[in-house]
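Beneath this line is the structure, given in structure tokens, with notes to follow.
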């Protein structure tokens with residue numbers, strides 16, 4: 018692709034304002050992207066479930082989903098029918114899609130409901146402790 022087309026798909030986000038436990042939403046390629054600074058308790062809850070990943074609909078460990086343990090960065094669109102899940106909700110504390118009842122955990126993994134896949138990950142790169150590049 019041309020440089021200008023490629024550049025349109027890359028966004029740098031200042032993550033300094035995101036507080037621990039907070040979910041922050043930005044736009045990337047006209048899609049909502051959830052950037053969550055996870056608490057130690059959220060990380061522990063996600064890692065506690067790592068031994069059962071083989072039984073999950075789309076198996077993935079917490080470390081496979083989060084490049085840095087404190088940060089979950091994923092596309093904020095339910096993989097069932099494209100609704101926007103609500104943060105800090107559902108049976109697993111991560112995200113809940115009220116349209117049809119899909120529940121995601123703190124790592125964005127589908128745990129219950131009709132969604133066929135985990136919340137989508139996107140290419141990310143931490144440029145430093147304050148900036149992440151999406152795309």
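Residue numbers (this note's numbering): 18 to 152. Note that beta-carbon positions come from the ideal geometry of N, C-alpha and C, so glycine has one too.
Just to confirm the assignment: which complete alpha helix (DSSP H) runs, minimum length 4, are found wholly within the stretch 57-111? 57-65 and 79-82
Cβ neighbours of residue 130 in the same chain (closer than 6 Å, five flanking residues each side left out): 118, 119 and 120
So what does DSSP say about residue 44, is it helix, strand or coil? strand
Determine the direct distance from the alpha carbon of residue 102 to that of residue 94, and round the result to whole angstroms. 7 Å
Through-space distance from residue 31 to residue 135, alpha-carbon basis: 25 Å
Presumed contact (8 Å Cβ cut-off) between residue 54 and residue 88, rounded CB distance: 6 Å
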